[in-house]
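A.B. asks:
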Amino acid sequence: MVQIPAQPYDFVFDPDKAALLIIDMQRDFVEPGGFGAMLGNDVGQLRGAIAPLVGLLAAARQAGLFVMHTREGHKPDLSDLHESKRVRGKGTMTIGDSGPMGRILIVGEPGHDIIPELYPIAGEPVIDKPGKGAFYDTELADIVAQRGLTQLIVCGVTTEVCVHTTVREANDRGIDCLVLADCTASYFPEFHETALRMIVAQGGIFGWVTDSASVISALTAPAEPAAG
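Okay, so the sequence shown: first residue is 1 according to my numbering, each after it adds one.
Put into structure tokens, the structure is as follows:
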């Protein structure tokens, strides 16, 4: 057990029951020319999370912490895409249409994949999710149960949408979530800040918030000598 400085109070980190969950660091959301940019968003607001995440991911792998990744997207035949989601926003381009990185948010297309800087390695599950939350219609709950996980270190994009939805889902399942402020991001900085405040409100109604340096310090701290 390691105490990690956090808001609203220290997080008691148990690496044997914890995992790093990196949400939707996909080319279509993060890279220039992807779906996010096509919607008029400044992807530079998301790219600031990449460097801290690279350092965190390296430390997690070195420490042997279990790592999982998610990708939001849909089957090529769109059988798992609700019509209400497809048409929402009334944009000129939508999910399944051909974009600069292939069909937008379709499994197997270049834009759907995770950015090279954070690409999964062998042994790190990639959870393809059709919704905002990582637990909805995925295998995540089974993985959590099989491995006896009770804690998730949550990173990724966007803070107020897929990150927040996943944290809320985890909270309802009795899983403690530590969200990293510098490893999450939004196209709208004010949404990012508000989403983080919502997590820690009322004594941590949805979880805890800290930064990557605090977690890396915990992951690299020397083991306490055995008593006696």
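Idealized CB from N, CA, C, for every residue including glycine.
Alpha carbon to alpha carbon, how far is threonine 194 from leucine 78? Give it in angstroms, no decimals.
C.D. replies: Between leucine 78 and threonine 194, the C-alpha separation is close to 33 angstroms.
A.B. asks: Need the endpoints of the beta strand (DSSP E) that methionine 68 sits in, please.
C.D. replies: Note, methionine 68: beta strand (DSSP E), 66 to 72.
A.B. asks: Can you look up threonine 231 in the DSSP assignment and give me helix, strand or coil?
C.D. replies: Look at the range of the chain in this structure, 1 to 228, and you will see that residue 231 is not part of it.
A.B. asks: Considering only their Cβ atoms, is the gap separating leucine 81 from glycine 96 smaller than 9 angstroms?
C.D. replies: Their beta carbons are under 9 angstroms apart, which means glycine 96 touches leucine 81 by this criterion.
A.B. asks: Alpha carbon to alpha carbon, how far is serine 186 from methionine 93? Give it in angstroms, no decimals.
C.D. replies: Those two C-alpha atoms are separated by around 21 angstroms.
A.B. asks: Rounded C-beta distance between valine 67 and alanine 60? I'm assuming under 8 angstroms.
C.D. replies: Confirmed, Cβ separation roughly 6 angstroms.
A.B. asks: Would you mind giving the Cβ-Cβ distance between alanine 134 and isoleucine 127, rounded to the nearest angstrom? I have them listed as a contact below 8 angstroms.
C.D. replies: About 6 angstroms; that satisfies the 8 angstroms criterion.
A.B. asks: Per DSSP, which one or two residues make a beta bridge with threonine 184?
C.D. replies: Answer is Gly156, bridged to threonine 184.
A.B. asks: What are the start and end residues of each continuous beta strand (DSSP E) run of 3 or more residues lying completely inside the region 2 to 71, in chain order?
C.D. replies: Runs found: 2 to 4, 11 to 13 and 18 to 23.
A.B. asks: Is the beta carbon of alanine 18 closer than 9 angstroms to that of leucine 149?
C.D. replies: Yes. Within cutoff.
A.B. asks: Can you tell me where the alpha helix (DSSP H) holding aspartate 97 begins and where it ends?
C.D. replies: Segment: none, aspartate 97 is in no alpha helix (DSSP H) and carries neither H nor E.
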